[in-house]
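Q: Following this message is one structure expressed as structure tokens.
Protein chains: 2
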Amino acid sequence: MQTLCTAAQLRTCLAPVRRAGQSIGLVPTMGCFHQGHLALMREARRQEGVVVVSLFVNPTQFGPQDDLARYPRDPEGDARAAAGVGVDVLFTPSEQEMYGPADSTWVTVTGTLVEGLCGPHRPGHFRGVATVVCKLFGLVQPDRAYFGEKDYQQLQVIRHMTADLKLPIEIVPVPTVREADGLAMSSRNAYLDPQERAAAPILYRALQAARQAVEHRERMGRGIVARASEIIAQEPRLKLQYLELVDADTLAPLPRLDRPGVLAVAAYLGTTRLIDNIRLDPGKKSE
Amino acid sequence: MQTLCTAAQLRTCLAPVRRAGQSIGLVPTMGCFHQGHLALMREARRQEGVVVVSLFVNPTQFGPQDDLARYPRDPEGDARAAAGVGVDVLFTPSEQEMYGPADSTWVTVTGTLVEGLCGPHRPGHFRGVATVVCKLFGLVQPDRAYFGEKDYQQLQVIRHMTADLKLPIEIVPVPTVREADGLAMSSRNAYLDPQERAAAPILYRALQAARQAVEHRERMGRGIVARASEIIAQEPRLKLQYLELVDADTLAPLPRLDRPGVLAVAAYLGTTRLIDNIRLDPGKKSE
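Taken in sequence, the protein lines are chains A and B.
Residue numbering for the first sequence follows the working numbering, starting at 362 and increasing by one per position.
Residue numbering for the second sequence follows the working numbering, starting at 362 and increasing by one per position.
Encoded structure:
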């Protein structure tokens, strides 16, 4: 595995790969790799000639109240883990490499994709995500890029941005990887103290209860959300931020599950913000 | 010359070009070709294996008060002219082809690049330009793209956008082409009645007078602008919108010509808005 820090090194490294007709897969990350990241890398390894993993804690996607300063970092462990799953290139640019001093360009996604869920709670977050991913796409020019379904709103923002800007890149979604008790893997899980960690799986149990309600023919958004709310209310440590049923494509609110939906939740456990989501399908019974 | 209307046709056409290692040059236009457009195409023809000209009157760069509805169009004449200078592909997409119904992505350039000159007078204009050019870059993936220096602010917005988004595309500036009397070629010149047309060259004469002042060692921005203003004041038909001396790279106001500058002007003749600019260099005498 090569570890590269500059755009120039990366271009020099990838030019012959492209000329040789090998496919390039990109896995954009902020590091501190867990099994969720490794699942993205393994899927890329399965599909691509060359796998590039970028590791960049992108400051523009953190708000002033966010956890940029304490965001977990483990560069040595990350390099070992990436090499262990067969990554070819680990790209670890500096902030100066990604944002020049005269940098003045933003990529923004508007409308329902960012109006709900994390959008109102993290102003500027998706602008930062879309901008840095666009830069990484420009640098790497991958054939495919891999994103986890755990950050579902991010996945949809990137999918729409890529289509809208006519970028010749396929976005590959990879299912959320969970701990044995159902907690979605996240770098931020490292912040949880033992009691918070014990309480955290209730988020996924709540989402599963909602899915059961759908299997029992509940189709009203309010009813589906209420079922999950009941479960979450059982854990006083959890401070709910949002719990919303949205259209799986546009992320517009879904009053009735008459098309594929996603039930998404964000909640605080102490100072740690956790998110999770589950796909809900009306199936044939609802017709 | 092939004329193509869809993104799919364009990709199918360009994939073997790219595989064969031929270079691709893009000339983005809004059509109604004059000698300025043809100079861009000839320069592209000189440098590239394959020359793609896009012809798309981009609605998102026109404001509600702008001339979208009456913008001059001449598709047959354009096709003949492009074929005449050896263009390989004329890409004429529909609005639906460039902006899908769920389109929600904008590319914006911020700061000094858009705070002066046309920026305040055409809100949203450069957002529309940056977005559509980004889409065309995604579709065509050119090695180089050609822009006229006559739209100098647009040129700088595109240059910075391309660098900021790490797009592997070289932006090639092409000098303004002028009529014999100095009027910068523009599709909008067709709007001018005979008296307005006779008055129009004073803009360039004013810019030249400013250059002479610099050659006579004027270095103060105020003095340089005043020299051009005097000339423009001689033509009562001209309604000045702005006349500004700016840094040639950042477009920040330049109180003193201590680095390369651009003197840019916008003025109305009747209902027709004309722009022009001239590069001013302090030279060695000022040091």
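For every residue, glycine included, the Cβ atom is placed at its ideal position computed from N, Cα and C.
1. Please classify HIS577 (chain A) as buried or exposed, where buried requires at least 16 neighbouring CB atoms within 10 angstroms.
2. What does DSSP give as the partner residues of PRO389 (chain B) in its beta bridges?
3. Could you tell me which chain E residues have their CB closer than 8 Å to the CB of LEU612 (chain B), listed as they occur along the chain?
4. For chain A, find out if any of its Cβ atoms is closer than 7 Å to the Cβ of CYS366 (chain B); answer yes or no.
5. Could you check the C-alpha separation between LEU416 (chain A) and ARG580 (chain B) for me, to the nearest Å?
6. On the three-state DSSP scale, how would you describe ALA655 (chain A)?
7. With distance defined between alpha-carbon atoms, name the residue in A:LYS511, A:ALA609, A:LEU497 and A:TYR629 nearest to LEU371 (chain A).
8. So within the segment 463-530 of chain A, which uninterrupted alpha helix (DSSP H) runs reach at least 4 residues, ignoring any that extend past its ends?
9. With GLY622 (chain A) as the anchor, note down where its beta strand (DSSP E) starts and where it stops.
10. Specify the secondary structure class of TYR460 (chain A) as computed by DSSP and reduced to three states.
11. Which residues, in chain order, does the segment 521-555 of chain A contribute to contact with chain B at a C-beta distance below 8 Å?
12. With DSSP as the reference, label ALA561 (chain A) as helix, strand or coil.
13. Using beta-carbon positions only, say whether ILE639 (chain B) and LEU568 (chain B) come within less than 7 Å of one another.
14. Would you please verify whether the beta carbon of LEU451 (chain A) is less than 7 Å from any beta carbon of chain B?
15. By how many angstroms is the C-alpha of GLN396 (chain A) removed from the C-alpha of LEU451 (chain A)?
16. Which two residues bound the contiguous beta strand (DSSP E) that contains GLN363 (chain B)?
17. Looking only at DSSP bridge pairs, what is LEU606 (chain A) linked to?
18. Please state whether DSSP places MET402 (chain A) in a helix, a strand or coil.
19. Would SER548 (chain A) and PRO433 (chain A) be called neighbours here (beta carbons separated by less than 7 Å)?
20. Measure from the C-beta of CYS495 (chain B) to each C-beta in chain A and report whether the shortest distance is under 7 Å.
21. Taking CB distances under 7 Å as the criterion, tell me whether VAL418 (chain A) reaches chain B.
22. Between GLU648 (chain A) and chain B, is there a C-beta pair that is closer than 7 Å?
23. So, with DSSP's three-state summary, where would you put ALA545 (chain A)?
24. From GLN595 (chain B) to ALA570 (chain B), what distance separates their C-alpha atoms?
25. Enumerate in chain order the residues of its own chain whose CB-to-CB distance from HIS482 (chain A) is below 8 Å, with the five nearest sequence positions on each side excluded.
26. Which residues, taken in chain order from the segment 451-475 of chain B, show a beta carbon closer than 9 Å to some beta carbon of chain A?
27. Does the CB of GLY499 (chain A) have a neighbour CB from chain B at under 7 Å?
28. Let's see if you can read the secondary structure: which residues bound the beta strand (DSSP E) around ASP637 (chain A)?
29. Only counting the same chain, and skipping five residues up and downstream in sequence, which positions put a Cβ closer than 7 Å to that of PRO616 (chain A)?
30. Do ILE530 (chain B) and ILE519 (chain B) have their C-beta atoms within less than 7 Å of each other?
31. Going by DSSP, what residue range makes up the alpha helix (DSSP H) through VAL586 (chain B)?
32. Suppose you measure from the CA of GLY499 (chain A) to the CA of LEU528 (chain B); what does that come to, to the nearest Å?
33. What is the residue span of the beta strand (DSSP E) that VAL450 (chain A) lies within?
A: By the coordinates alone:
1. exposed
2. PRO389 (chain B) is bridged by DSSP to B:SER415.
3. No chain E is present in this structure, whose protein chains are A and B.
4. No, no contact with chain A.
5. 48 Å
6. A question about residue 655 (chain A) goes unanswered here, because the residues of chain A that appear run from 362 up to 648.
7. A:LEU497
8. 473-476, 479-482, 486-501 and 513-525
9. 622-630
10. Coil.
11. Only HIS521, MET522, ALA524, ASP525, LEU526, LYS527, LEU528 and PRO529 from the segment 521-555 of chain A bring a Cβ to less than 8 Å from some Cβ of chain B.
12. coil
13. yes
14. no
15. 17 Å
16. 363-365
17. A:LEU624
18. helix
19. Taking 7 Å as the Cβ cut-off, SER548 (chain A) and PRO433 (chain A) qualify as a contacting pair.
20. Answer yes: the Cβ-Cβ gap between CYS495 (chain B) and chain A drops below 7 Å somewhere.
21. no
22. Note that GLU648 (chain A) scores 37 on pLDDT, short of 50, meaning its location in the model is unreliable; the coordinates nonetheless yield the value given after this. Closer than 7 Å: no.
23. strand
24. 13 Å
25. GLN602, TYR603 and ALA627
26. MET459, TYR460, GLY461, ALA463, ASP464, SER465, THR466, TRP467, VAL468, THR469, VAL470, THR471, GLY472, THR473, LEU474 and VAL475
27. Output row for GLY499 (chain A): interface = yes.
28. 633-641
29. For PRO616 (chain A), same chain residues with a beta-carbon under 7 Å away, outside a window of 5 residues either side, are GLY582 in chain order.
30. no
31. 582-594
32. 5 Å
33. For VAL450 (chain A), the enclosing beta strand (DSSP E) stretches over residues 450-452.
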